[in-house]
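Before any comments, here is the structure.
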Amino acid sequence: DTGVSQDPRHKITKRGQNVTFRCDPISEHNRLYWYRQTLGQGPEFLTYFQNEAQLEKSRLLSDRFSAERPKGSFSTLEIQRTEQGDSAMYLCASSHFGSNRKTYEQYFGPGTRLTVT
Amino acid sequence: AQKVTQAQTEISVVEKEDVTLDCVYETRDTTYYLFWYKQPPSGELVFLIRRNSFDEQNEISGRYSWNFQKSTSSFNFTITASQVVDSAVYFCALTTQGAQKLVFGQGTRLTINP
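These protein sequences, in sequence, are chains A and B.
Just so you know, we're using my numbering here: the first sequence kicks off at -6 and counts up by one.
Just so you know, we're using my numbering here: the second sequence kicks off at 442 and counts up by one.
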């Protein structure tokens, strides 16, 4: 079991550019989450998928943000027309959700640190 | 709405001291889950423990122990005989049966000095 991986680990971009991040969850996990963490704060929920369906989006996810999980495996998070306020660590997590509807822990990847200049 | 409060922003102790990190939560749901995560300087959140609202038994894992008290809505974390490797930011988090997403506290930065 290789854990959750994210790519790239660091991204520096100029204001106004588009960026895309990738997350590969733990292979047997059907749920995938995106969070954002700014300096000195706890992670904040952005969105999550069960298989390929996006089930919830936070109000933090403005229309410049879009996330996909096309085949229910890896996911991408795209930010269009980046702003300096988008600078943060973007964390991906995955978990198992079964027919028993039991809540299991989420396992996090190493994150993608975005710096918008 | 759910909320998690970690009132201790930073704690600094000398190695081998015991230290307790406080966590207070708010939720109106009767079925909920509490978590602790560790975030070392490398940045990756490491899962430590999950507790559901129907299980108030305290748990011990090596030098780590957790005290869950529904009466005070608290889920505190104690490290016994702390070590330098315990230095990290620790987050308490909450989710409910219906919500699934994690709500995190602001974290407590723990520094263990040799």
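Built from N, CA and C at the ideal position, the CB exists for glycine as well.
On a predicted model such as this, the values are computed, not experimentally measured, just so you know.
Compare the C-beta of residue i against all C-beta atoms of chain A and say whether one is closer than 9 angstroms.
i: B/Gln498; result: no
i: B/Gln449; result: no
i: B/Ala427; result: A query on residue 427 of chain B cannot be resolved here, the shown segment of chain B reaching from 442 to 555 and no further.
i: B/Val445; result: yes
i: B/Val544; result: yes
i: B/Arg491; result: yes
i: B/Gly391; result: Residue 391 of chain B lies beyond the range of chain B shown here (442 to 555); nothing can be said about it.
Answer yes or no: do residue i and residue j have a C-beta to C-beta separation smaller than 9 angstroms?
i: A/Arg74; j: A/Gln10; result: yes
i: B/Gln443; j: B/Thr549; result: no
i: A/Pro63; j: A/Glu45; result: yes
i: B/Phe509; j: B/Asn499; result: yes
i: B/Tyr531; j: B/Tyr478; result: yes
i: A/Gly104; j: A/Gln34; result: no
i: A/Thr6; j: A/Thr110; result: yes
i: B/Asn554; j: B/Val526; result: no
i: B/Leu551; j: A/Gln99; result: no
i: B/Ser506; j: B/Leu475; result: no
i: A/Gln43; j: A/Arg15; result: no
i: B/Phe445; j: B/Thr519; result: The question names Phe, but residue 445 of chain B in the sequence shown is Val. Not in contact: B/Val445 and B/Thr519 (Cβ atoms no closer than 9 angstroms).
i: B/Ser523; j: B/Val465; result: no
i: B/Asp389; j: B/Ala540; result: Outside the modelled stretch of chain B, which goes from 442 to 555, sits residue 389 of chain B, for which no answer is possible.
i: B/Glu458; j: A/Phe101; result: no
i: A/His22; j: A/His89; result: yes
i: B/Gln547; j: B/Thr450; result: yes
Please confirm whether residue i has its beta-carbon closer than 9 angstroms to some beta-carbon of chain B.
i: A/Tyr83; result: no
i: A/Arg52; result: no
i: A/Pro36; result: yes
i: A/Pro103; result: yes
i: A/Gln99; result: yes
i: A/Gly33; result: yes
i: A/Phe90; result: yes
i: A/Glu45; result: no
i: A/Arg62; result: no
i: A/Ala106; result: Residue 106 of chain A is actually Arg in this sequence, not Ala. Output row for A/Arg106: interface = yes.
i: A/Glu71; result: no
i: A/Glu49; result: yes
So residue i packs on residue j, CB below 8 angstroms; how close in whole Å?
i: A/Tyr83; j: A/Leu54; result: The Cβ separation is near 12 angstroms, so there is no contact.
i: A/Pro36; j: B/Phe516; result: Not a contact, Cβ separation roughly 18 angstroms.
Fill in: Under 7 angstroms (Cβ pairs) to chain A, residues found in the segment 477 to 489 of chain B
Cβ contacts with chain A: Gly484, Glu485, Leu486, Phe488.
Worksheet item: In chain order, which continuous runs of the alpha helix (DSSP H) of length 4 or greater are located wholly inside the segment 513 to 539 of chain B?
Response: Counting only runs of 4 or more, we get nothing.
Worksheet entry | Ranges of the beta strand (DSSP E) found wholly within the segment 8 to 33 of chain A, counting only runs of at least 3 | The segment 8 to 33 of chain A contains these whole beta strand (DSSP E) runs: 12 to 17, 24 to 30.
Worksheet item: Taking Cβ-Cβ distances below 7 angstroms as the criterion, which residues of the segment 508 to 542 of chain B are in contact with chain A?
Response: Taking 7 angstroms as the upper bound on Cβ-Cβ separation, chain A lies near residues Phe532, Thr536, Gln538, Gln541, Lys542 of the segment 508 to 542 of chain B.
Item to complete: Could you tell me which uninterrupted beta strand (DSSP E) segments, each at least 3 residues in length, are contained entirely in the segment 29 to 94 of chain A, listed from first to last along the chain?
Response: For the segment 29 to 94 of chain A, the full-length beta strand (DSSP E) segments reaching 3 residues or more read 37 to 43, 46 to 50, 58 to 61, 68 to 72, 81 to 88 along the chain.
Fill in: Interface positions of the segment 10 to 29 of chain A facing chain B (Cβ-Cβ less than 8 angstroms), listed along the chain
So the close ones are Arg24, Tyr26, Tyr28.
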